[in-house]
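Sequential numbering of the sequence shown, starting at 1, is according to full-length UniProt numbering.
We put the CB at the ideal spot given by N, CA and C, even for glycine.
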Amino acid sequence: MTDLMGRFRHISKERRRRYPPNIIRNQKYKWYTFIFAVLRLQFSHFFNTFLFLVCMTQLKKEYLVSSLVASVGPWAMVLLFSLFKEGVEDYKRYERDKITNSQLYTKLTSQGFVRVPSSRIEVGDLVLLEKNERVPADMALLKTSDVSGHVFVRTDQLDGETDWKLKLTIPRMQSATFDELRKLSILAEQPSKDIYSFTGKIKIGKFSLDELSEIEEEGNEDEGIGRRIERLLEFDFGREEGSVGASEGPKDVSWVYSSSSQSTGESGSLDEDLGFVSDGRDSAAAGSSEGLEVGNESNVGRETEEADVSLKDEEKPVAEALGCENMLWMNTVVATCSILGCVVYTGKDAKAMLNTSRPRNKIGKIELELNGYMKVLGAGCMVLAGIFTYMRGVGSRPDIIFIRFLVLFSSVIPISLRITVDWARYCYGKYISEDERIEGAMMRSNNLPEELGRVSYFLTDKTGTLTKNEMEMKKIHLGTICYTKELNREISKNLAKVLNGRNDGKGVFFRGKKDINARVYDLVQALSVCHNVTPVISENEVSYQASSPDEVAIVQWTECVGMKLYKRDRSMIVIRDPLNDEQEYQILYTFPFTSETKRMGIIVRYNEEVIFFLKGADVVMRGIVKVNDWVEEEADNMARDGLRTLVIAKKVLSGKEFELFEEMYNKAWMSLVDRAEAMSKAMEIIEKDMNVLGLTGVEDKLQDDVKVTLENLRNAEMKIWMLTGDKIETAISIARSSRIFHRGTVYLVISDASSVGDVKAKLDLLRGSGYNSLVIDGQSLSFVIESCMDEFIEVASELEAVIGCRYTPTQKAAVARELKNKTRKCVCCIGDGGNDVSMITEANVGIGIVGKEGNQASLAADFSINKFCHVSDLLFWHGRNSYQRTAKVAHLIIHRGLTLTVIQAIFCSLIYFVPVGLFRGELLMLFITVYTFLPIFSIICSSDISRSVVVKFPELYKELTENKLLSYRHFSVWTLIAFYQGTIMMITFYLLKQEFFIISTLTFTSLVLNELLMVILTTTRMTPMVFISSGMSLAIYIVYFALRRGLLRYQRPFYLFLLKITVVNTLAILVSVFQKLWTKYMSPPTYSKLEVLV
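Have a look at this one:
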């Protein structure tokens, strides 16, 4: 058998194989590849590569322009800073991993209960977990301290859902003694990402050859020499824990040893027969064998004396099927009681790790724009060096002349730009996290704050993002009559009439046509029984736990009308009716809801009848229920009101029908190959000709201020796309109520397309027509993705709004990816659940909401917020400020380098193109790091507009997206200013016929003052930080000037020196002053006009 799904892992005491260690590793780098990986990342930026090559030339003496320290030092400092930053961040990940991998767990061995770190847990181990403990590896659930054999687990860190999930033991395992459990064997499917399905078998004893013949066992593949070397180089988490091996057990373990027919004392003590849990690691390579004494190598390979002892039961052991409900996945948390499990998958084989992909290293558009600037500057530097080499004249060594000029002019490449921008982004993150208006907001990606200020497309989820994910039952419809929540008391009366009639023997349950009271009762009865809700008592309070808030809302409604879910276990549901009588339903089979089936069912025995209840989406229930003329119409009507609809159906199974189904279903359940397909065929026997009982409509309320927020985003000229898994009618209703669709919206619907031609025909209608919005479902989108995605994006990207319905997470991600790639504009995606993670990670900038579906989306996102309405402040205020400030900082730093290079170039040309530096290396380093750094950096504390204006006029946002702040037009303006100022300084001082050292002092002093003045002119709204930093820098320079008179010489008297500096700086700064005055009075920006109105 070559199909991967046909291969299974065989876990038993006879099987010895190597499996991945149970280590969680989220580090980006390994210690032995760290330097090389970071250098590779740094050299992906042009300016690093350029400066590296320039610095390398300085290692050769004839190419050296100044001291080696002055030439290589600045670039080396920048590189070391980058290494330090990456190292600190990765070390923090290592520390977090170490805490997780060193967490102690109770493992059963021949010594009894032993506490070992998570990293020492291996395949086949028996692990005991108590309430609120994290599950350290994928495990098969064997026993629970709750005699019912069920346990709730929290899965928010796995699938993003906060609702508790019910997990069940297999009855045979729950009642087994410990002597029986130690003879376990398990067949488990190959590791896969799917957390909603699992195929396996479990048996007390060995699997027979016949049972193993239908599968191919997982091979023991050689890990290879490369992997062995890598494993030797890796750190071993947890080996330093002093408590390893300590005999520290849980409080009460009597339930582990006992069975339903055996007292605790009869279970005996643990001995070396626990060898059954060995994962088969080779004795030469593994320090210990699972189930044997931890750390004692003498136990490796020991044969147990009782290996072939027969089970106490006289009956031949029977294999039981293992399904998803019997498995506990890594990183889930035990919520209600203690459990005993057998480890099946560890480390990178665990589903949590398989679903954890390394997030792609997002690079903002501003990084690409700055990199483009660097390429232009680098090319200009090389061209200028080539021209000056030519003007110098071709000598014996033109390479020396060229490289020296190249080094002199390399200051045009701003070395400090990356560090300054990185520090600025750190401050942006602090501003966001400390903003009281968006409390709880957090920046998780340090590369993207500027992208918040240039969003063109805004893609949002619906449930939990635009809506609260707080469900409330609003309507039920029985075909001829509709009940709203205001009529709950009337429903209670109807139920009481039916129950009283039954007690009086009036026989309201005849097979013919029923009156309205009986129909209401049938629907409420189905709703009170057909669900996966379990009542949980905690601190004398009863709460409902289920995998979906819809389920809880329905059960709360049935309680409100008098049918209360009183008790539930794996075999029984007890309902307390309006007469306070208890109705007991024996659970025969349950069929959980899945995204594939879109329905949930249950078979129960009640009053000697076998009843099959089913509820699901109307699109899948159409082919299951009897033909009717009202379900589809009423479902659409409810959806238009923004309600989530379910069709409820019922069927009483005959004895023969049930026996046929049971035989086929049980056979399918025990199959290891194509189990899901075989089970689906068995379900077809009973899923036909069912009686429709009614429809339910559940409302998901809108989040606070959603309407205002979306309207502001639309006013900011953003295109809003809502992508949801809900049906079309519900999505359209929410689009209207949330104002994604406004009064002027004319939309086209593309749904249920059967071919690519159908989709293309509809897309052609959008061209040149009156439609300004589109609604398209997942089925139609699948054809788009296959053949005409480019055409779809071309048309849809011009529309005001797009609504996507019935989308899978993969389709959401595909839309975000293609929209980003095809339009080349900034795409922002926002969501709150695990199904939104793919879309969020594909976007230019992803925003996650900490919601009722858990933290998965917020943890995977670039930015995390608590409420959808916080998006306005995040984009309009923080996004605008981050973009504006970074642009100004970049322009000033580039201007500083350009001015310096212009002065150096003019100086060289005036001395007949001799490659001699005007300034010593010490002065250049201080100019960049001390005299100008703080003033330029202080710009991140200023803003060009007040927050009140930004909030009141979202239209200002579109100016940022339409007019790029780092365009080549702006770059050209700043280049001309730098050229003018550098020329004025150098030419003026040269004409004064000063000696070399005096010219150096005059031009350098003018450079410092000019840059301080440029900072003040560039700052739109002056802040104390700008004045303080500029004053400090000037004071430091004055002190340095006084102390280093030998280096900074000037012609006496001193007042003439000051006069020259003042005149030259006045001439140099005039062009910037004129530009600022022209902008202010002749072409004022829009925000300056609006500032007066607020």
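Run through the DSSP bridge pairs and tell me what residue 720 is partnered with. 458, 801
Do residue 896 and residue 424 have their beta-carbon atoms positioned less than 8 angstroms apart in this structure? no
Check: residue 961 C-beta below 7 angstroms from any heavy atom of the ligand ATP: Ligands are entirely absent from the displayed structure, and the ligand ATP is therefore not among its contents.
Determine, using beta carbons only, whether residue 370 and residue 965 come nearer to each other than 8 angstroms. no
In angstroms with no decimal places, state the Cα-to-Cα distance between residue 27 and residue 769. 53 angstroms
Please report how far the alpha carbon of residue 490 lies from the alpha carbon of residue 473, in whole angstroms. 16 angstroms
Per-residue burial, residue 765 [other beta carbons within 10 Å of its own, 16 or more giving buried]: exposed
With the cut-off set at 8 angstroms, would you say residue 667 and residue 612 are in Cβ contact? no
Output the distance between the C-alpha atoms of residue 579 and residue 520, rounded to the nearest integer angstrom. 16 angstroms
Secondary structure at residue 1105, three-state DSSP: helix, strand or coil? Since the displayed the chain opens at 1 and closes at 1094, residue 1105 lies outside it and no answer follows.
Which residues in the same chain have their Cβ closer than 8 angstroms to the Cβ of residue 744, if we skip the five residues on either side of it in sequence? 772
Boundaries of the alpha helix (DSSP H) in which residue 846 is found, first to last residue: Careful: residue 846 lies outside any alpha helix (DSSP H), inside the beta strand (DSSP E) at 845–849.
Those residues which DSSP pairs with residue 535 across a bridge: 544
Backbone secondary structure at residue 771 - three-state DSSP: coil
Specify the secondary structure class of residue 220 as computed by DSSP and reduced to three states. Its pLDDT being 49, under 50, residue 220 is placed unreliably by the model, and nothing is read from it.
Relative to the alpha-carbon of residue 685, which residue among 674, 806, 658 has its alpha-carbon at the smallest distance? 658
Quick check on the DSSP output: what are the complete beta strand (DSSP E) runs of length 3 or more inside the stretch 90–139, in order along the chain? 104–109, 112–117, 126–129
Here's a check: name, in chain order, each residue in its chain whose Cβ is nearer than 8 angstroms to the Cβ of residue 236, leaving out the five neighbours to either side. A caution first: residue 236 carries a pLDDT of 49, below 50, which makes its placement in the model unreliable, though a value can still be read off. These residues qualify, in order along the chain: 119.
Nearest to residue 615 by CA position, among 575, 562, 532, is which residue? 532
So the beta strand (DSSP E) residue 330 belongs to, where does it begin and stop? Neither: residue 330 is in no beta strand (DSSP E) and is coded neither H nor E.
How many angstroms separate the CA atom of residue 155 from the CA atom of residue 647? 28 angstroms
For residue 373, which residues of its own chain have a beta-carbon under 7 angstroms away from its beta-carbon, when the five flanking residues on both sides are left out? 894, 971
Through-space distance from residue 937 to residue 931, alpha-carbon basis: 11 angstroms
Determine whether the beta carbon atoms of residue 839 and residue 816 lie at a separation below 8 angstroms. yes
Within 8 angstroms, do at least three Cβ pairs link the stretch 456–471 to the stretch 713–721? yes
Where in the stretch 373–455 do unbroken runs of the beta strand (DSSP E), each at least 3 residues long, occur, reported from the N-terminal end onward? none
Alpha carbon of residue 827 to alpha carbon of residue 48, nearest angstrom: 29 angstroms
Going by Cα to Cα distance, which pick from 343, 25, 30 is closest to residue 105? 343
For residue 998, which residues from the same chain have a beta carbon less than 7 angstroms from its beta carbon, with the 5 sequence-adjacent residues on both sides left out? 1049, 1050, 1051
Paired residues, beta bridge with residue 625 - DSSP: 690
Give me the Cα-Cα distance between residue 1099 and residue 147, rounded to the nearest whole angstrom. One cannot answer for residue 1099 here, as it falls past the ends of the chain, which runs 1 to 1094.
Would you mind stating whether residue 320 and residue 167 have Cβ atoms separated by less than 8 angstroms? no
Proximity below 8 angstroms, CB of residue 203 to CB of residue 174: no
Can you have a look at residue 194 and say buried or exposed, based on whether 16 or more other CB atoms are within 10 angstroms of its CB? exposed
Tell whether a beta-carbon distance below 8 angstroms holds between residue 861 and residue 879. no
Entirely enclosed alpha helix (DSSP H) segments - the stretch 571–640, minimum 4 residues: 618–621, 631–640
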